[in-house]
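The next block holds one structure in the form of structure tokens; read it before the comments.
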Amino acid sequence: MHVDTLILVADLLGTFAFAAGGAYTALRAAKLDIVGMIFLGVVSAVGGGIIRDVLIGNIPPIALDVWYYLVVATAGSLLPMVLHRPNRLLKMTVQLFDSVGLSLFCVVGAVKAMSAGLTPLAAITMGAITAVGGGVLRDLMVKRVPEVLRTGFYVIPALVGATIVVVAGVVDVTSPWASLAGGLAAWLLRMLGVWRGLQAPSAPTEAAP
Amino acid sequence: MHVDTLILVADLLGTFAFAAGGAYTALRAAKLDIVGMIFLGVVSAVGGGIIRDVLIGNIPPIALDVWYYLVVATAGSLLPMVLHRPNRLLKMTVQLFDSVGLSLFCVVGAVKAMSAGLTPLAAITMGAITAVGGGVLRDLMVKRVPEVLRTGFYVIPALVGATIVVVAGVVDVTSPWASLAGGLAAWLLRMLGVWRGLQAPSAPTEAAP
Amino acid sequence: MHVDTLILVADLLGTFAFAAGGAYTALRAAKLDIVGMIFLGVVSAVGGGIIRDVLIGNIPPIALDVWYYLVVATAGSLLPMVLHRPNRLLKMTVQLFDSVGLSLFCVVGAVKAMSAGLTPLAAITMGAITAVGGGVLRDLMVKRVPEVLRTGFYVIPALVGATIVVVAGVVDVTSPWASLAGGLAAWLLRMLGVWRGLQAPSAPTEAAP
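Chains as they are written, first to last, in the working numbering: chain E, 1 to 209; chain P, 1001 to 1209; chain R, 2001 to 2209.
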């Protein structure tokens, strides 16, 4: 299989997993109708990429410019209709796809931001936003403090993956190997985080200005 | 009266109604000062169109590019200052305008998105976002799970109206009749929903991944 | 010191103060990890300017296009790590910088919006959004009704400052004196508000449609 096809397939698997995970999360947090469930699933899946595309001037965003992202995201959002109580295998599968999506999204986001001429620091930020933006939007809409801001080892893998790609780009290593390394690092860190229950250090709670 | 004038008048009535309804809804949900009330009323009225315009690349958004949208929206937001406890007639009037706004916004959003070259599915999405985006933004800011995601027959009329317009556009019926049919269908469905208390089917509540 | 340098220094001081104030506010409202604290501090500092830049078509937004805004904002966000319980002097310093940032941001926002060809009313709105947008985004993410919508004398100084600049621009006074007058008016009003505990009038609380 051609490498571009491989990336597209992985991208769509990630989109599906983000949508499914997003729909389950939204349902746990709020009473919704079907339209709301689909809407929040789709937002979880494509929200980060849309924010990135708007900020780097890639308008209309890719998720609105080709048909398959919305279709795959809608399909993923419908999973809770089919499987009310996902079993252990499904949970692990969604989590695996989700971590693949995370790795891919942070790399793709950083690469696109560099191509658009953003500074390295902004490109790293864009990588992380691509990976976590959709989940943040979803959490806002179901009235939760975004999960990625409170707990869990999610933003850091995305930042690390994006940083590897951007640093490689700055020192002029634009080969696909840099993207591969960045994505792999993000994925391994995320898997490690899931497996060991890693957390970013807490911010000082007693801060009171 | 010329048809463009007619559309503009309906558009501004819809904007006024969205702003007034938005201000009342915001006040029910949170203690606000006058500035907050106006801000949330204006966001309710022009938020959906602004999101659409940013996503399709129509920048600056039309609501910021001509003066009358902001003026009409501000005027609508001030209605709660004049009428603290709107009577039955006013409520019905606001609801009528609101449904007119809904119908018009979903059609206009879909047409503009098609003109901008988005895919049919994305154009339908843009139609719905134009109609419900402002209300979603407002609900976020007063810490409510957006009403349209939980309950009520609001997104579905918008989707139906936009779909009619987009399907007609795809089969190359670009006459104003398609827009009229789409808007009328959305309006009738919404009115039916209000009258009969229709709801979209609930999403599975017991979903727990 | 050249006037442009002076403005840049004031802008970065404002960015630092917005980030520090934003991080403290976020920590008071929610339990966060370090990543979340930095994220919300940065959003507080650059969020308003990014919204403005997207809406006026200045893409990529300036905060992503040069490196120092993100660096200064990140540095400001880290202040709660160093000073858990800021003393009175620090609080006053942050508040002073914050009011300087407010004055500067509303003027800069209005000037940029006018240059981009927006209508006067939209330019005033953009000035206010530049000044308060970041704080609104932050409050959304920690599940608070945005402070500026509920209470306090914050939006009004921003609107007054932006209005002075825009009116001067409309009557063709494009000299830096207009910007200075607008910024000074916003700053004095804000300081007066802090000092005297001024509030915008409450919206009618008994409104119930």
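Glycine included, each C-beta is placed from N, C-alpha and C at the ideal position.
(request) Quick one: grab the DSSP three-state call for residue 172 of chain E. (result) coil
(message) Rounded to the nearest angstrom, what separates residue 98 of chain E and residue 9 of chain E at their Cα positions?
(response) 14 Å
(request) Report yes if the CB atom of residue 55 of chain E is closer than 8 Å to the CB atom of residue 126 of chain E, and no otherwise. (result) yes
(message) Please classify residue 2117 of chain R as buried or exposed, where buried requires at least 16 neighbouring CB atoms within 10 angstroms.
(response) exposed
(request) Would you kindly check if the distance between the Cβ of residue 119 of chain E and the Cβ of residue 49 of chain E is under 8 Å? (result) no
(request) Spell out whether any CB of chain P is found under 8 Å from the CB atom of residue 2122 of chain R. (result) Chain P, which has a Cβ nearer than 8 Å to the Cβ of residue 2122 of chain R, makes this yes.
(message) Run through chain P and tell me which residues come within less than 8 Å of residue 30 of chain E, C-beta to C-beta.
(response) 1145, 1149 and 1150
(request) Could you pull out every residue in the same chain whose Cβ sits closer than 7 Å to the Cβ of residue 80 of chain E, ignoring the five residues on either side in sequence? (result) 23, 24, 27 and 37
(request) State yes or no: is the beta carbon of residue 1039 of chain P nearer than 8 Å to at least one beta carbon in chain R? (result) yes
(message) Counting only Cβ-Cβ distances shorter than 7 Å, please list the residues of the region 2173-2195 of chain R near chain P, keeping chain order.
(response) none
(message) Between the alpha carbons of residue 1 of chain E and residue 66 of chain E, how many angstroms are there, rounded?
(response) Note on residue 1 of chain E: pLDDT 49, under 50, position unreliable in the model; the coordinate value appears next. Rounded to whole angstroms, the separation of the alpha carbons of residue 66 of chain E and residue 1 of chain E is 22 Å.
(message) Please report whether the beta-carbon of residue 1142 of chain P lies at a distance below 8 Å from any beta-carbon of chain R.
(response) yes
(message) My assumption, with CB atoms under 8 Å, is that residue 2165 of chain R sits in contact with residue 2128 of chain R. Please give the rounded CB distance.
(response) Actually they are not in contact, since the Cβ atoms of residue 2165 of chain R and residue 2128 of chain R sit about 12 Å apart, beyond 8 Å.
(message) Taking the straight line between their C-alpha atoms, what separation do you get for residue 1020 of chain P and residue 1159 of chain P?
(response) 23 Å
(message) I want to see whether chain P comes within less than 8 Å of residue 49 of chain E, judged by CB atoms only; does it?
(response) no
(message) If I follow the unbroken alpha helix (DSSP H) through residue 1123 of chain P, where does it start and stop?
(response) 1120-1141
(request) Could you pull out every residue in the same chain whose Cβ sits closer than 8 Å to the Cβ of residue 946 of chain P, ignoring the five residues on either side in sequence? (result) A query on residue 946 of chain P cannot be resolved here, the shown segment of chain P reaching from 1001 to 1209 and no further.
(message) I'd like to check one pair, residue 76 of chain E with residue 212 of chain E: are the Cβ atoms closer than 8 Å?
(response) This structure gives no information on residue 212 of chain E, because the portion of chain E shown stretches from 1 to 209.
(request) List the residues of chain R whose Cβ lies closer than 7 Å to the Cβ of residue 1070 of chain P, in chain order. (result) 2121, 2122 and 2125
(message) Tell me which residues share the same chain as residue 68 of chain E and place their Cβ nearer than 7 Å to its Cβ, disregarding the 5 neighbours each side in the sequence.
(response) 12
(message) I'd like the list of long-range same chain contacts for residue 136 of chain E, defined as Cβ closer than 7 Å, with 5 residues on each side in sequence excluded.
(response) 146 and 148
(request) Specify, as a first and last residue, the run of the alpha helix (DSSP H) that residue 105 of chain E falls within. (result) Annotation for residue 105 of chain E: the continuous alpha helix (DSSP H) segment containing it runs 88-115.
(message) Considering only the alpha carbon of each residue, which of E/84, E/181, E/102 and E/108 lies closest to residue 193 of chain E?
(response) E/102
(message) Give me the residue from R/2183, R/2092, R/2150 and R/2100 with the minimum Cα distance to residue 2203 of chain R.
(response) R/2150
(message) At the level of alpha carbons, what is the spacing between residue 1016 of chain P and residue 2163 of chain R?
(response) 24 Å
(request) Return the first residue and the last residue of the alpha helix (DSSP H) that residue 1068 of chain P is part of. (result) 1068-1077
(message) What does the Cβ neighbour count give for residue 960 of chain P, buried or exposed, with the cut at 16 atoms within 10 Å?
(response) The displayed coordinates of chain P run from 1001 to 1209. Any statement about residue 960 of chain P would go beyond what the structure contains.
(request) Go to residue 2051 of chain R, then tell me how far its alpha helix (DSSP H) extends in each direction, as first and last residue. (result) For residue 2051 of chain R, the enclosing alpha helix (DSSP H) stretches over residues 2034-2056.
(request) Indicate whether at least one CB of chain R lies closer than 8 Å to the CB of residue 57 of chain E. (result) Interface flag for residue 57 of chain E against chain R is set, since a Cβ pair is found closer than 8 Å.
(request) Would you give the residue range spanned by the alpha helix (DSSP H) that residue 1145 of chain P belongs to? (result) It is not in any alpha helix (DSSP H) - residue 1145 of chain P carries neither H nor E in the DSSP assignment.
(request) Going by CA-CA distance only, name the one from E/143, E/4 and E/155 that's closest to residue 132 of chain E. (result) E/155
(request) May I ask you to list, following chain order, the residues of the region 2072-2083 of chain R that have a beta carbon less than 7 Å from some beta carbon of chain E? (result) 2080 and 2081
(message) Between which residues of its own chain and residue 53 of chain E is the CB-CB distance below 7 Å, once the five residues before and five after are set aside?
(response) 59, 61 and 62
(message) I need the straight-line Cα distance from residue 2168 of chain R to residue 2124 of chain R, nearest angstrom please.
(response) 12 Å
(message) Looking at residue 1064 of chain P: is its Cβ nearer than 8 Å to the Cβ of residue 1042 of chain P?
(response) no
(message) Please report the distance separating the alpha-carbon of residue 100 of chain E from that of residue 93 of chain E.
(response) 11 Å
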